[in-house]
Structure formats: structure tokens, C-alpha cells
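Asker:
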Amino acid sequence: LGWADNVARSFGSTGICFNTGGSYGVGAYVSIWTNLPHRNVGDDEEFSLIGFPEDRKLRRNQLHRFLRFADGSDEWSRFFQPQIKSSLNCSGWLCNSIEEIEPLGFQVFRNFTKSPIWGIGPLIITSSKKNDDDDEKEEVCLKWLNQFENDSVLYICFGSQNTVTPIQMMELAKGLEESKVPFLWVIRPPFGFDFNGEFKPEWLPEKFEKRMMEKKQGMLVRDWVPQLDILRHEATGGFLSHCGCNSVLEGLREGVPIIGWPLAAEQAYNSKMMVEEMGVAVELTRGLDGEVKKEWVKSVVEMVLDRKEGSCGWEMKKKAVEIGEKLRDAWKIEGDSKGSSVKAMENFVEFIVSWKGKNSKEDA
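Under the numbering used here, the first residue of the sequence shown is numbered 2, with each subsequent residue one higher.
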């Protein structure tokens with residue numbers, strides 16, 4: 002929020018923007034909101050992003066709904082454009098990522114702000130348990146995973162605030178069953194129904210949950226799951242995700258390839274980055290209006306979980322493991338050797354101390 006920096010300056014302080022995601026995503030967000038380059042293209046047409054290399058393009062239907070129809074005079078434009086402009090003038094940026102995994106993202110973002118940028122990722126909560134009941138659910142999930150071979154299970158979760166439509170959910174379930182790939186699915190009521198309400202069996206194929214449990218192919222979990230422990234588990238071989246920044250970091254840190262299904266905010270840019278820049282993901286569909294067919298689900302799931310040497314799934318896994326090592330190394334301290342995020346945080350502290358000292362002398 003750009004106004005926060007203005008308030009800080011009015012009190013003689015300084016403002017630092019904290020970007021909870023990566024530089025690629027925020028760079029794309031800034032570029033599109035500032036220039037609205039999609040205004041004159043069709044829904045399925047490509048457009049260039051100012052500040053990005055010419056061959057990095059997006060389609061209008063990849064954008065979130067309120068951005069897709071922004072024209073500069075709408076209420077969203079009138080709110081976001083001034084906030085972005087103010088934010089770019091802040092004294093510095095902290096980003097929940099590292100330059101080693103998204104060099105283009107940091108390069109692009111520096112095209113928009115002259116302020117220093119510190120990559121201090123990954124910032125991941127080590128435990129997300131809400132209450133004692135979560136211990137039991139954790140045990141159930143991990144016990145279920147224990148029965149499978151390494152890299153054989155697909156984990157499915159659309160985050161704590163997202164879901165898909167009834168039609169999409171039905172096709173996803175059918176495709177999963179036909180793939181015969183084991184899966185653990187965090188499931189919630191589909192779009193248009195009470196998100197926190199009771200889940201109804203009619204939203205899935207008849208007797209789907211019972212059949213999956215009997216075949217030991219799939220487990221459906223409501224509400225909270227120990228996501229970090231699931232992603233760390235040796236049996237987990239893929240992650241069908243909405244591509245939220247935290248989920249992306251958690252999955253990649255553990256070397257898990259991603260099947261992208263971006264639903265909101267900057268998620269489409271995160272998906273694009275993982276597919277085109279990192280080579281660790283494939284996009285199944287996007288948004289609530291994206292078409293989903295069981296045949297596509299089956300094909301994509303089988304491809305990502307394929308571990309035959311030289312296959313697409315094998316290549317994605319290899320690259321995901323390499324990125325995971327870089328993310329884990331970022332916060333390591335071994336003797337005199339320090340990871341990039343450790344160094345960045347130290348540089349940030351030095352920046353704040355020097356700024357305070359400089360302004361104290363000026364006040365005197």
C-alpha cells in the first residue's frame with residue numbers, strides 16, 4: 002500500500018515495501034496495472050509486457066477478472082495505479098524470493114524501481130497447526146502417504162481461500178480416477194456454495210470418495226492439512242496448486258513439480274514463471290472459467306508423475322530438486338559461508354542503520 006510510505010515519510014521515517022511473493026509476479030503486476038497493455042486485444046490474444054523481454058507475453062484471459070476489464074477509469078484502476086506509483090518510490094523492497102531462482106524477475110523489477118531490492122526468501126512458517134485436533138489429522142495424512150512408493154502421489158490443494166466450480170471439480174475427480182495415480186486432495190465446497198459449509202457427495206462422481214479409499218487410490222481431506230509435512234514426504238511426487246506464492250515456495254523448496262491452476266491475484270504470473278522460466282511446472286487450466294476435461298487431467302497427471310529417465314516428469318523433477326537446493330541454501334550459515342538471504346538481510350539492516358544515522362546527523 003503506497004500510502005503507508007507517504008505516512009512514514011511525513012513522520013521523518015522511511016518506508017520499506019514487503020513483497021510476500023516473487024519479483025516476477027510483482028513485476029508483471031506493476032507492468033500491467035501501470036500500462037494496461039491488454040485493453041486493445043481479444044480475450045485469447047497475446048500482448049507484450051512493458052519492461053519484460055519481447056518474447057514474454059501474456060493472454061488477456063490469464064488475467065484476474067477485475068484486471069482483465071480495467072481501462073484506467075474504473076474503480077480498481079483508480080485505486081491500484083496511485084498505490085503502485087507510491088510504492089515504487091519507497092526506500093527499498095524486501096522480496097520473499099531469491100535471485101538465484103528468478104533472475105529475470107529481479108532484473109525486470111529493477112526496471113520499475115530505482116530503490117534497492119533484497120531477496121530474503123524463502124520465508125516459510127514451519128508449523129501451521131491450529132489446535133490439538135490437527136495432530137490427529139496430521140497422523141492420518143502421513144500414515145496414508147506411508148503406504149506408497151517414492152514420488153508416486155499427487156497432492157492437490159487450492160489454498161485456504163480458493164476453490165473451483167462444480168463442473169471443474171467433477172471433471173478433475175473423473176480424470177484423477179482414470180489416471181490411477183494416488184492422490185491426497187484437500188477438498189472444499191465448489192464456487193457458488195458456502196466455502197466453509199458441509200461438503201456434499203453430489204459434487205463428485207457417485208460414491209467417488211468411498212471407491213477411492215477402497216482402492217487405496219485417493220484420500221479426501223476437509224479443511225486443514227499439514228501441507229509442509231505432506232510436501233516433504235518422500236511419497237509426494239507432484240503438487241496440483243493454485244500457484245499462490247506461499248504454496249509455490251513450499252512446494253519448490255521440497256523439490257516437488259507443480260501442476261498449475263491459477264485462480265486469482267498474481268497466481269497466473271507465478272504459474273507462467275514456473276512453466277517458462279524454471280521448467281518445473283505445467284499449467285492444467287486457469288481461473289473459474291477455464292475449461293477442464295477429464296482426459297486433460299489424466300494426461301497431465303500421468304506426465305508429471307512419470308519418472309522414466311528423459312521423460313517430461315523426470316526433467317521437471319530434476320529441475321525442481323535443483324531449485325529446492327538453492328532455496329534451502331539461501332538461509333544457511335556454515336562457518337564463514339553465508340547464504341544469499343542471510344547476506345541480503347544483513348545488508349538490509351546495514352541500510353536501515355546507515356539511514357537512521359544519516360538522518361540523525363541532519364536533524365542535529
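C-beta: ideal position from N, C-alpha, C; glycine also.
1) By Cβ distance, which residues of its chain are closer than 6 Å to Asn348, with the 5 residues on each side in sequence left out?
2) Go through its chain and collect everything with a Cβ distance to Pro38's Cβ below 6 Å, but skip five positions before and after it.
3) Closest to Pro263 by CA distance: which of Arg79, Asn112 and Gln162 is it?
4) Less than 9 Å between the beta carbons of Ser74 and Asp6, yes or no?
5) Would you tell me roughly how many angstroms separate the C-alpha atoms of Lys115 and Ser338, rounded to the nearest one?
6) Report yes if the CB atom of Ile324 is closer than 9 Å to the CB atom of Val283, and no otherwise.
7) At which residue ranges does the stretch 39 to 91 contain complete alpha helix (DSSP H) runs of 4 or more residues, listed in the order of the chain?
8) Inspect the beta-carbon positions of Val187 and Leu155 and report whether they are closer than 9 Å.
9) Can you tell me the Cα-Cα spacing of Glu303 and Ser14, whole angstroms?
10) When you compare each of Asp307, Val322 and Gly245 to Arg287 by their alpha carbons, which one comes out closest?
11) Cα separation between Ala365 and Ile17?
12) Out of Glu137, Cys142 and Gly198, point me to the one whose CA is closest to Thr164's CA.
13) Is it true that the CB of Glu178 sits closer than 9 Å to the CB of Arg223?
14) When DSSP labels each residue in this structure, what does Glu284 get in the three-state scheme?
15) Starting from the C-beta of Val249, find all residues in its chain whose C-beta is less than 6 Å away, skip the five residues before and the five after it, and write them out in chain order.
16) From Val42, Ala9, Ser87 and Pro117, pick the residue whose C-alpha is nearest to that of Glu351; which is it?
17) So, at 7 Å on beta carbons, what are the nonlocal neighbours of Asn36 in its own chain, with the 5 sequence-adjacent residues on each side left out?
18) Using C-beta distances below 8 Å, list every residue in its chain close to Gln82, excluding the 5 sequence neighbours before and after it, in chain order.
19) For Leu120, collect the residues of the same chain with a Cβ closer than 6 Å to its Cβ; drop the 5 residues on either side in sequence, then sort them by chain order.
20) Using C-beta distances below 7 Å, list every residue in its chain close to Cys142, excluding the 5 sequence neighbours before and after it, in chain order.
21) Taking only the alpha-carbon atoms, compute the straight-line gap between Gly239 and Trp297 and give it to the nearest angstrom.
22) Between Asn247, Glu335, Ile353 and Gly314, which has its C-alpha nearest Pro123's C-alpha?
23) Spell out the partners DSSP gives Ile118 in its beta bridges.
24) Where does Arg1 fall in DSSP's three states?
25) Pick out whichever of Ser32, Glu255 and Pro190 has its Cα sitting closest to the Cα of Ile85.
26) Buried or exposed: which applies to Glu103, given that a residue is buried once 16 or more other Cβ atoms fall within 10 Å of its Cβ?
27) Apply the 10 Å Cβ neighbour rule to Phe159 and answer buried if 16 or more other Cβ atoms are within range, or exposed otherwise.
28) Ignore the nearest five residues each way along the sequence and tell me which others in Leu289's own chain have a CB closer than 6 Å to its CB.
29) Pick helix, strand or coil for Ile353, following the three-state DSSP scheme.
30) Rounded to whole angstroms, what's the CA-CA distance from Ile126 to Arg69? Just pull it up for me.
31) Please classify Lys339: does DSSP put it in a helix, a strand, or coil?
32) If we ignore side chains and look at the alpha-carbon of each, how far apart do Asp44 and Leu64 end up?
Answerer: In brief:
1) none
2) Phe48
3) Gln162
4) no
5) 29 Å
6) no
7) 66 to 69 and 76 to 88
8) no
9) 54 Å
10) Gly245
11) In this predicted model, Ala365 has a pLDDT of only 46, less than 50, meaning its place in the structure is not dependable; the value taken from the coordinates is given anyway. The alpha-carbon atoms of Ala365 and Ile17 are separated by roughly 24 Å.
12) Gly198
13) no
14) strand
15) Asn271
16) Pro117
17) Ile51
18) Trp34, Thr35 and Gly73
19) According to the sequence provided, residue 120 is Gly. The question's Leu does not apply to it. Closer than 6 Å at Cβ, skipping near neighbours: Cys96, Ser98, Ile99, Glu100 and Ala345.
20) Leu185, Val222, Val226, Pro227 and Ile231
21) 16 Å
22) Asn247
23) Trp94
24) Look at the range of the chain in this structure, 2 to 365, and you will see that residue 1 is not part of it.
25) Ser32
26) buried
27) buried
28) Thr166 and Phe192
29) helix
30) 33 Å
31) strand
32) 10 Å
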